[in-house]
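Student: Before we start, here is the structure in question, set down as structure tokens.
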């Protein structure tokens, strides 16, 4: 038996932020990240619309990129003190992900972070508040997903939280929020969206409900990401919708080892944080080569290539054409081809290889990957992504 879960309402298009006027509630807490939403005037708009809806409003600002366990607990305390019945998260994936975790601790103060890290084990939410998500980047799609990623910096790993309970009640996808995105962020989030859609399509949990969403998202990313990177605002709008479609697909079909690898290496190296979308972009071509040794995975990758009009007279050639297209996008947007090119030091990579490989195999996303993988195989795959060598196993 399958399940397909999405937000109850999704508002999209320019000025769709105004739909906050129609949200029912008495108290709303607004969770946001850095200053970009304030500089752009969007925080002021959110606050004004919520007050127009008759609510008392409190702000919780300053959620950092890749939010920490500490920030989550601080936000949960703010919610406990304020007692909102509406939680509004606005910004990139980080503030929305953080707010999802805060929501759980607000409603269940006695729950532990370790309990929430077990996939699909959340207690029933909406006992105190409902959740509204407003994305300001075009990649994570956390506004429509059952996922949140929180970083434990002390341990150097990311925890992907997974449960349909944290699927937002309302998503507002207003393209005006992404018009001023820096091009590097456009590149990384765009490749994150492409990875979401491709992994959802080849996932062992793909279905007739997720496949159309995944394919349409892939088509749109390939059509619009290059122009979005060049600051075409129509393309930015279409990318904002494409990433949302990809989110609807992967929230229900789940993901694969590209994300397992990215989760366990983003905060692992002293040479600097690897942005999530950048890590996905680096790993994706190598993972496709690894997974394509599984016949069903090869068939579905080839199907993607056929549907988006890439060349090739055999499935192997079609898979290679898909890989070549991804590598072309990475080059055009100055995304490194390897971890070594990103700047990870060889000595540290070798020192941590065994540990990150084992953690990646144990990641929640590994279970739906179309080809199984052992820690030893994962070490070899990571080595390929470091040195740029061929995946021939």
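In my numbering, the protein residues as written are 4 to 396. Idealized CB from N, CA, C, for every residue including glycine.
(1) Would you kindly check if the distance between the Cβ of residue 137 and the Cβ of residue 3 is under 9 Å?
(2) For a quick check, are the C-beta atoms of residue 197 and residue 220 less than 9 Å apart?
(3) According to DSSP, what are the bridge partners of residue 400?
(4) I need the DSSP call for residue 212, collapsed to helix, strand or coil.
(5) Taking only three categories from DSSP, how would you classify residue 133?
(6) Any chance the segment 184-200 sits against the segment 139-148, with 3 or more Cβ pairs inside 8 Å?
(7) Can you name the residues that DSSP bridges to residue 314?
(8) By DSSP's criteria, residue 94 is part of a beta bridge. Which residues make up the other side?
(9) Suppose only complete runs of 3+ residues qualify. What are the beta strand (DSSP E) ranges in the segment 14-99, listed by chain order?
(10) Determine the contact status of residue 59 and residue 80, defining contact as a CB-CB distance below 9 Å.
(11) Skipping 5 residues on each side, what residues in its chain have a beta carbon closer than 6 Å to that of residue 343?
(12) Buried or exposed: residue 263, going by 16 or more other Cβ atoms within 10 Å of its Cβ?
(13) Does the structure place the segment 305-317 close enough to the segment 260-275 that three or more beta carbon pairs sit under 8 Å?
(14) Going along the chain, which unbroken runs of the beta strand (DSSP E) with 3 or more residues stay wholly within the segment 196-249?
(15) Would you mind sorting residue 133 into buried or exposed? The rule is 16 or more other CB atoms within 10 Å of its CB.
(16) Go to residue 273, then tell me how far its beta strand (DSSP E) extends in each direction, as first and last residue.
(17) Report the three-state DSSP secondary structure of residue 12 (helix, strand or coil).
(18) Starting from the C-beta of residue 101, find all residues in its chain whose C-beta is less than 8 Å away, skip the five residues before and the five after it, and write them out in chain order.
(19) Under the DSSP definition of a beta bridge, which residues are partnered with residue 154?
(20) Put residue 175 into one of helix, strand or coil per three-state DSSP.
(21) Where do the N-terminal and C-terminal ends of the alpha helix (DSSP H) with residue 116 fall, by residue?
(22) My assumption, with CB atoms under 8 Å, is that residue 325 sits in contact with residue 304. Please give the rounded CB distance.
(23) Where does residue 331 sit, in a helix, a strand or coil, going by DSSP?
Tutor: The relevant details are as follows:
(1) Residue 3 is absent from the model: the chain starts at 4 and stops at 396.
(2) In contact: residue 197 and residue 220 (Cβ atoms closer than 9 Å).
(3) A query on residue 400 cannot be resolved here, the shown segment of the chain reaching from 4 to 396 and no further.
(4) Correct three-state label for residue 212: coil.
(5) Residue state, collapsed to three classes: strand.
(6) With a cut-off of 8 Å, the segment 139-148 and the segment 184-200 count as touching, because enough Cβ pairs lie within range.
(7) Its beta-bridge partners do not exist; DSSP assigns none.
(8) Looking at the DSSP assignment, residue 94 forms a beta bridge with 138.
(9) Taking only runs of at least 3 residues, the beta strand (DSSP E) segments lying wholly in the segment 14-99 are 30-35, 59-63 and 89-94.
(10) It is not a contact, given that the beta carbons lie outside the stated cut-off.
(11) Cβ neighbours of residue 343 beyond the five flanking positions: 389.
(12) Here residue 263 is buried, its C-beta having at least 16 other C-beta atoms within 10 Å.
(13) Judged by pairs of C-beta atoms under 8 Å, the segment 260-275 does not touch the segment 305-317, as fewer than three such pairs exist.
(14) Runs of the beta strand (DSSP E) inside the segment 196-249: none found.
(15) Residue environment: residue 133 is assigned as buried (16 or more neighbouring CB atoms within 10 Å of its CB, all protein chains considered).
(16) For residue 273, no beta strand (DSSP E) segment is defined, and its DSSP state is neither H nor E.
(17) Residue 12 falls in the strand class under three-state DSSP.
(18) Closer than 8 Å at the Cβ level, and outside the excluded window around residue 101, lie 34, 66, 70, 74, 75, 78, 92, 151 and 153.
(19) According to DSSP, residue 154 bridges with 71 and 161.
(20) Strand.
(21) Secondary structure note for residue 116: its alpha helix (DSSP H) is the uninterrupted segment 116-119.
(22) Yes, residue 325 and residue 304 are in contact; Cβ-Cβ is about 6 Å, under 8 Å.
(23) Three-state result, residue 331: helix.
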